[in-house]
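Undergrad: Note that the protein sequences, when read in sequence, are chains A and B.
Count along the first sequence from 1, add 31, and you get the number used in our numbering.
Count along the second sequence from 1, add 359, and you get the number used in our numbering.
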Amino acid sequence: MKILKRIFRFYYEGFKNMPRWGKQMWLIILIKGFLVFVLVKFIFFPNHLKTNFDTDEQRSEHVINELIKTAQDDTITTEH
Amino acid sequence: MTQLLLNIDPVLIDWSRAQFALTAMFHWIFVPITLGILFIIAIMETVYVKTGNPEWKRITKFWMKLFAINFAIGVATGIILEFEFGTNWSNYSWFVGDIFGAPLAIEGIMAFFMETIFIAVMFFGWNKVSKKFHLTATWLTALGANLSALWILVANAWMQYPAGMQFNPDTARNEMVDFWEVLFSPVAVNKFLHTVTSGYTLAALFVIGVSSYFLLRKRETLLAKRSIVIASVFGFISVMALIFTGHGSAVQVAEHQPMKLAAMEGLYEGGQEAELIGFAILNPNKEVDNDEKPYLFKVGFKGVLSFLIDFDTKTYVPGIADLVYGDEQNQILPTEERMRKGKIAMNALIAYKEFKEQGNEEEAKLQYDILMDNYKHFGYSYVKDPRDIVPHVPTVFYSFHIMVIFGTMFVLVFLIFAWLTITNKIENFKFAKLLYIIGLACIPMAFIASEAGWVVAEVGRQPWVVQDLMTVDAGVTNISSGAVQTTFWIFAFIFTGLLIAEVSIMLKFIKDGPAKPENEGGK
Chain A
32 MKILKRIFRF
42 YYEGFKNMPR
52 WGKQMWLIIL
62 IKGFLVFVLV
72 KFIFFPNHLK
82 TNFDTDEQRS
92 EHVINELIKT
102 AQDDTITTEH
Chain B
360 MTQLLLNIDP
370 VLIDWSRAQF
380 ALTAMFHWIF
390 VPITLGILFI
400 IAIMETVYVK
410 TGNPEWKRIT
420 KFWMKLFAIN
430 FAIGVATGII
440 LEFEFGTNWS
450 NYSWFVGDIF
460 GAPLAIEGIM
470 AFFMETIFIA
480 VMFFGWNKVS
490 KKFHLTATWL
500 TALGANLSAL
510 WILVANAWMQ
520 YPAGMQFNPD
530 TARNEMVDFW
540 EVLFSPVAVN
550 KFLHTVTSGY
560 TLAALFVIGV
570 SSYFLLRKRE
580 TLLAKRSIVI
590 ASVFGFISVM
600 ALIFTGHGSA
610 VQVAEHQPMK
620 LAAMEGLYEG
630 GQEAELIGFA
640 ILNPNKEVDN
650 DEKPYLFKVG
660 FKGVLSFLID
670 FDTKTYVPGI
680 ADLVYGDEQN
690 QILPTEERMR
700 KGKIAMNALI
710 AYKEFKEQGN
720 EEEAKLQYDI
730 LMDNYKHFGY
740 SYVKDPRDIV
750 PHVPTVFYSF
760 HIMVIFGTMF
770 VLVFLIFAWL
780 TITNKIENFK
790 FAKLLYIIGL
800 ACIPMAFIAS
810 EAGWVVAEVG
820 RQPWVVQDLM
830 TVDAGVTNIS
840 SGAVQTTFWI
850 FAFIFTGLLI
860 AEVSIMLKFI
870 KDGPAKPENE
880 GGK
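(1) Can you confirm whether Arg90(A), when its beta carbon is compared against all beta carbons of chain B, has any partner nearer than 8 Å?
(2) Is Glu695(B) close to chain A? Criterion is C-beta to C-beta, closer than 8 Å.
(3) What does Trp813(B) touch in chain A if you count any residue whose Cβ is under 8 Å from its own?
(4) Determine, using beta-carbon pairs with one atom in the region 468–486 of chain B and one in the region 499–513 of chain B, whether at least three such pairs fall under 8 Å.
(5) Using a Cβ-Cβ distance under 8 Å, would Phe39(A) count as near chain B?
(6) Determine the DSSP secondary structure at Trp778(B), reduced to helix, strand or coil.
(7) Determine, using beta carbons only, whether Leu80(A) and Ala531(B) come nearer to each other than 8 Å.
(8) Report the rounded CA-to-CA distance for Val370(B) versus Phe75(A), giving the unit in angstroms.
(9) Closest to Arg697(B) by C-alpha separation, out of Lys724(B), Tyr711(B), Tyr684(B), Leu708(B), would be which residue?
(10) Can you tell me where the beta strand (DSSP E) with Gly637(B) in it begins and where it stops?
(11) Against chain A, with Cβ distances strictly below 8 Å, would Met705(B) count as a contact?
(12) Tell me whether Arg37(A) sits in a helix, a strand or coil according to DSSP, three-state version.
(13) Taking Asn447(B) as part of the alpha helix (DSSP H), name the residues at either end of that continuous run.
(14) Any residues in the region 404–429 of chain B with a beta carbon nearer than 8 Å to a beta carbon of chain A? Which ones, in chain order?
(15) Return the residue from the list Pro803(B), Lys420(B), Gly819(B), Gly812(B) that minimises the CA-CA distance to Phe868(B).
(16) I need the straight-line Cα distance from Val755(B) to Met49(A), nearest angstrom please.
(17) Can you pull the chain B residues whose beta carbon is under 7 Å from the beta carbon of Phe76(A), in chain order?
(18) Considering only C-alpha positions, which residue in the set Phe850(B), Trp387(B), Met403(B), Arg417(B) is nearest to Pro876(B)?
(19) Measuring straight from C-alpha to C-alpha, what distance separates Met829(B) and Met403(B)?
(20) Grab the span of the beta strand (DSSP E) containing Trp485(B) for me, first residue to last.
(21) For the beta strand (DSSP E) containing Gly834(B), name the first residue and the last one.
(22) Based on the DSSP secondary-structure assignment, which residues constitute the bridge partners of Lys657(B)?
(23) Cβ closer than 8 Å: which chain B residues qualify as neighbours of Val69(A)?
(24) Using a Cβ-based criterion (distance less than 7 Å to any ligand heavy atom), does Lys743(B) qualify as near the ligand NAD?
(25) Taking beta-carbon pairs under 8 Å, can you tell me which members of the region 448–464 of chain B lie near chain A?
(26) Quick one: using the 10 Å Cβ neighbour count with 16 as the cut-off for buried, is Asp105(A) buried or exposed?
(27) For the region 731–747 of chain B, list every residue whose C-beta sits within 8 Å of some C-beta in chain A, in sequence order.
(28) Under a three-way DSSP split, which group does Gly872(B) fall into?
(29) Run down chain A in chain order and give the residues with a C-beta less than 7 Å from the C-beta of Lys712(B).
(30) Return no unless some Cβ of chain A is closer than 8 Å to the Cβ of Asn396(B).
(31) Are the Cβ atoms of Leu641(B) and Gly625(B) separated by less than 8 Å?
(32) Output the boundary residues of the alpha helix (DSSP H) element that contains Val546(B).
(33) Quickly, what does DSSP pair Met535(B) with across the bridge? List them, please.
(34) Out of Ala860(B), Val824(B), Val742(B), Thr554(B), which has the shortest C-alpha to C-alpha gap to Ala380(B)?
(35) Would DSSP call Asp368(B) helix, strand or coil?
(36) Determine the direct distance from the alpha carbon of Phe385(B) to that of Ser863(B), and round the result to whole angstroms.
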């Protein structure tokens, strides 16, 4: 317990006494983190296979079909 | 369930490629500084702990601040690549899933622990933990960052040289059968060492460049000279290791990706006593199937390319035409033959799937064996024309030569800076001002060389997304090219903004200089 308390105080005091430039850097990290993990990830980059298929079996089936169709001609069959 | 029949849009492939290249190149602006500057900081802090001289603490803290800015702007830019895998390259992601999954998971865990524990001690720990504990945290941060890079580079190396896996036709995935073969494949080892030493070289040039700025302005001369001593010695050792590992990489490329090597040298017709091109202007009209001369102008060294690959000037090096059309004498299969074998593998996969659905295990096993016998040609089933296996030669050729020419120049830069600062003659040097300007110019040159290296590695292996097993068009997700185009421009906008922010903040802190001796922690 004592060690956890010391670790907590270490981080707490570190953030509390952080110079202004350090706080600016954290602000940049937080804004970027929000942009990347919230906006970019969920709005622009949904995981195609996870979003469109429920099981790994369906995903495998879909990818095998894609691999075969792409090799046969320039046409892909996609099941949703 | 709706059945969609969609045509692969070549524009989609190009935009998906462009988007990934943009993100990766932007990410790579930050990574090499982080990889290298941490070791330079650790060396500086070691000197501080050994000598107890507070000036070394001040120097260490100044470079730590620049590291922090680079880290803050660069952090999480790499994660976008993983999002792109899932959205734009879903077939590829699934196909390589098992191989990529383990290294990337290890990387994520290592990066998390490194960033939350050791970096916190580096920045919050001054005067709170012992000097030796703080120094240990700095060294562990440097080692952690480099080990973190190891895993993503192992994953990349696997794409260049797939090893330690078995394709499972039931899941359409390459499954890892030997973790150590993936980790210690010669391509992975060389790629890791070559990439991290390029980061050390770049970081050393960054330190020399910023220090040159101070010397040019006649400010912080002690900090600048001491920083140059550390950076130039560290940089010289790094660039020598970079050249050595670069040679190792070229040997691996010659063995596993001969087309890339041929493109790097603009070598259309192979043979013994192959020429190493020092510099050349390529003939823009040259194609693999015409008789145009490959170079308009060249400075070449006969036999040196053969020698570098096998320590024998008589070693045969195949050219682009040999790899496309084959060379029976040197046992190089024509691409058409590999396409035929690729189609056999693909047909076996189709038949395997059908027999499995029918419950005919015996026939399925037979088809499985045919698939496995021809699996190393599997990706050739996507190749429509033998000439399609040729990457864009001018991009690969010029990128490679820019990288090599700049890298060779950096050896001299390190030597000159090391000599003049160790002997304390730099300020009285006749051409000091010119030297400082060269030092400053080396910062953008190092970035150009570093990015060029990745262009060689990635453009040079086109059209393969996994060497010989999957082409780019087979790996791409069939989504709207408009969506990819939109996100490309959004990223271009965001990345440009972040880059401007980084450069502006960095310049401001460099202009402000280090904290005054009496105010170390406050600035």
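Glycine residues also receive a C-beta, built at the ideal position from the N, C-alpha and C atoms.
TA: Result, derived from the coordinates:
(1) It does: the Cβ of Arg90(A) has a partner Cβ on chain B nearer than 8 Å.
(2) no
(3) Residues of chain A with a Cβ closer than 8 Å to the Cβ of Trp813(B) do not exist; the shortest Cβ-Cβ separation is about 21 Å.
(4) yes
(5) no
(6) In the three-state DSSP reduction, Trp778(B) falls in the helix class (H, G or I).
(7) With contacts defined as CB atoms closer than 8 Å, Leu80(A) and Ala531(B) fail to qualify as a contacting pair.
(8) 19 Å
(9) Nearest to Arg697(B) by alpha-carbon distance, out of Lys724(B), Tyr711(B), Tyr684(B), Leu708(B), is Tyr684(B).
(10) Bounds of the beta strand (DSSP E) holding Gly637(B) are 635–641.
(11) Met705(B) counts as touching chain A.
(12) helix
(13) 438–447
(14) Against chain A - using a Cβ distance shorter than 8 Å - the residues of the region 404–429 of chain B are Lys424, Ala427, Ile428.
(15) Minimum Cα distance to Phe868(B) is reached at Lys420(B).
(16) 46 Å
(17) Phe442, Glu443, Gly445, Thr446
(18) Arg417(B)
(19) 46 Å
(20) Segment: none, Trp485(B) is in no beta strand (DSSP E) and carries neither H nor E.
(21) Careful: Gly834(B) lies outside any beta strand (DSSP E), inside the alpha helix (DSSP H) at 831–834.
(22) Ala639(B)
(23) Under the 8 Å cutoff, chain B gives no residues; its nearest Cβ is about 12 Å from Val69(A).
(24) The ligand NAD is absent from the structure shown, which contains no ligands of any kind.
(25) Ser449, Asn450, Ser452, Trp453, Phe454
(26) Residue placement at Asp105(A) is poorly supported in this model, since its pLDDT is 46, which falls under 50; the coordinates still yield a value, given next. Counting Cβ neighbours within 10 Å, Asp105(A) comes out exposed, since fewer than 16 surround it.
(27) Ser740, Tyr741
(28) coil
(29) Those are Ile95, listed as they occur along chain A.
(30) Correcting the residue type first, residue 396(B) is Ile in the shown sequence and not Asn. Chain A contact via Cβ: absent.
(31) yes
(32) 545–575
(33) Met524(B)
(34) Residue Val824(B) is the option with its Cα nearest to Ala380(B).
(35) coil
(36) 16 Å
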